[in-house]
Amino acid sequence: MAFLSKDFLLNTKTAKKLYFEAAEDMPIIDYHCHVSPKEIYEDKRFNNITEVWLGGDHYKWRLMRSNGVDERYITGDASDYEKFLKFAEVLPKAIGNPMFHWCHLELKNYFGFDGVLNPETADEVWTLAAKKLAEGNMSARGIIDKSNVAFIGTTDDPIDSLEYHKLIAEDKSFKTIVAPSFRPDKALNIDKKGWKEYIETLSTVSGVEICDFASLKRALLLRIEHFAENGCKASDHGLDKMVFVRAEEASLDAIIKKGLSGIAVTDKEADALKTELIIFCATEYKKRDWVMQIHYNCMRNPNSKMFELLGADTGFDIIGPDNGSRKLALLLDALNKEDNLPKTVLYSLDASDNEFLDTLIGAFQGTEIPGKLQHGSAWWFNDNKQGMKDQLISLANLALLGNFIGMLTDSRSFLSYTRHEYFRRILCALIGEWVENGEYPADKEQLYKIVRDICYNNAKRYFNI
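Just so you know, we're using the numbering used here here: the sequence shown kicks off at 1198 and counts up by one.
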């Protein structure tokens, strides 16, 4: 089979029928991503392929560093053209890496390039991309529309004014729903640099003088209400490791006082504050029928030298060594006992947690909606062909794959919607294999329903879109 042909990854007759007749044309619900609502509202245009393709993309940056590329050509002051040429030198070596597939799907779908990017074709791609980007349908909104995106869930801080979400909602010419997602990590991370200053800003924005646990909860509640007024449907908690340490309010007051005084707190104290704030927030999410997302098992910034040089989210995070699985079960149980467990999506960066998560969600499912608890799609370093298959097979083995809410981009790039295509092809290939092996009936109606539900309908229902 030719590289990236029409039947890419679709290795059976059933897989092809499932993809082209059930999956391909379904709208996209990108319920968790990091694209900029400001850029959507302003309908940002891009000057060249580097700006839209390499800027802020730590996946591509890691590939370049793995090839010994000087940082000047990654995040430094080299020209956009020079940065693109350096990436073109690296990409041919990425055999077996999902970036090779993602990149060429993006080049094919958005720029009409059917070849292979390498040093010999780099100038051709650069010129072709410049021509395409100058066209009307390659702005931020144009790309979203071209990609058939029905819903975008951005990731937003409690202190955010959400002004661009308001402006987008008021613009009736733009059909895609863009909703904020409540990401309160900075309020919880009392053990990280900058917490005191962040709390001072949260005090100003909320109008609540934060001095203890009650006032911190009050400030967060006001911001939750602000997000609810602006169409929020989900929250997200990014935890380096799972925590579960219960504490009384007096102890929490003392912990907060230490943090506001600039005194370092212990790990146990930090975990106690995080635990109680997650429980408080989750209770509020349940009241509003929001989805709570929990991402954990990520070790942030192990390369301290590069962290000091470039800061966070620049491509140096790794899979975390502390899985905290029992603590996650205890957290869900504490919420469930009080009937405060919201719809919840769980993601671990450690793929060895797949089976644990699939049995865990089965222990806490509810009657509110099929699949109230979800094992989220293969996340970050697991977001590759094998990682997606492993997550789907584990979910099918131990839960109900037919209730899965499917794929997301978790990306800062407007070109990343091809990841939904990649996922859909892998999903259809896997189901097609089961059917042709005689492991599931060749029931067209039921199979098409399963595929369409996973690609779109389940997420639409789950997030109340």
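The C-beta atom is built at its ideal place from N, Cα and C for all residues, glycine as well.
Just so you know, these numbers come straight off a predicted model, no measurement behind them.
- Item | Reduced DSSP secondary structure (H/G/I, E/B, other) of residue 1585 | helix
- Close Cβ partners of residue 1581 (< 6 Å) along its chain, the five nearest in sequence each way excluded: 1295
- Rounded distance between the beta-carbons of residue 1538 and residue 1529, thought under 8 Å: 6 Å
- Item | Beta-carbon proximity check, residue 1429 vs residue 1355, cutoff 7 Å | no
- Message: Considering only DSSP beta bridges, list what residue 1489 is partnered with.
- Response: 1432, 1541
- How about residue 1366 and residue 1224: do their beta carbons lie closer than 7 Å? no
- Task: Could you say if the segment 1634-1652 and the segment 1218-1235 meet the contact criterion of at least three C-beta pairs nearer than 8 Å?
- Result: yes
- Measure the alpha-carbon distance for residue 1488 versus residue 1302 and round it to whole angstroms. 31 Å
- According to the Cβ coordinates, are residue 1349 and residue 1433 closer than 7 Å? no
- Query: Can you name, in chain order, every residue of its own chain whose Cβ lies under 6 Å from the Cβ of residue 1521, other than the five neighbours on each side?
  - Reply: 1438, 1439
- May I ask you to report which of helix, strand or coil DSSP gives residue 1408? coil
- Task: Tell me the start and end of each unbroken beta strand (DSSP E) in the segment 1367-1426 that is at least 3 residues and wholly inside, in chain order.
- Result: 1374-1376
- In chain order, what residues of the same chain lie with their CB nearer than 6 Å to the CB of residue 1512, ignoring the 5 residues before and after it? 1255, 1258, 1259
- Item | the segment 1497-1506 contacting the segment 1464-1474, beta-carbon criterion three pairs below 8 Å | no
- Anyone know if the C-beta pair for residue 1555 and residue 1596 falls short of 7 Å? yes
- Item | Coil, strand or helix - residue 1249 by DSSP | helix
- Task: With residue 1347 as the anchor, note down where its beta strand (DSSP E) starts and where it stops.
- Result: 1346-1350
- Message: In the DSSP output, which residue or residues are listed as bridge partners for residue 1353?
- Response: 1379
- Item | Residue from 1465, 1455, 1443, 1265 with nearest C-alpha to residue 1408 | 1455
- Which residues does DSSP pair with residue 1495 in a beta bridge? 1516
- Item | The alpha helix (DSSP H) enclosing residue 1301, as first and last residue numbers | 1295-1308
- Task: Tell me whether residue 1620 is buried or exposed, calling it buried when 16 or more other Cβ atoms sit within 10 Å of its Cβ.
- Result: buried
- Message: One question on the structure: do residue 1482 and residue 1364 come within less than 7 Å of each other, judged by their Cβ atoms?
- Response: no
- Query: Any idea what DSSP makes of residue 1572, helix, strand or coil?
  - Reply: strand
- Task: Spatial neighbours of residue 1467 within its chain, please: CB distance less than 6 Å, with the 5 preceding and 5 following residues excluded, ordered by chain position.
- Result: 1387, 1388
- Message: In this structure, how does DSSP classify residue 1227 when only helix, strand and coil are distinguished?
- Response: strand
- Which term fits residue 1413, buried or exposed, when burial requires 16 or more other beta carbons within 10 angstroms of its beta carbon? buried
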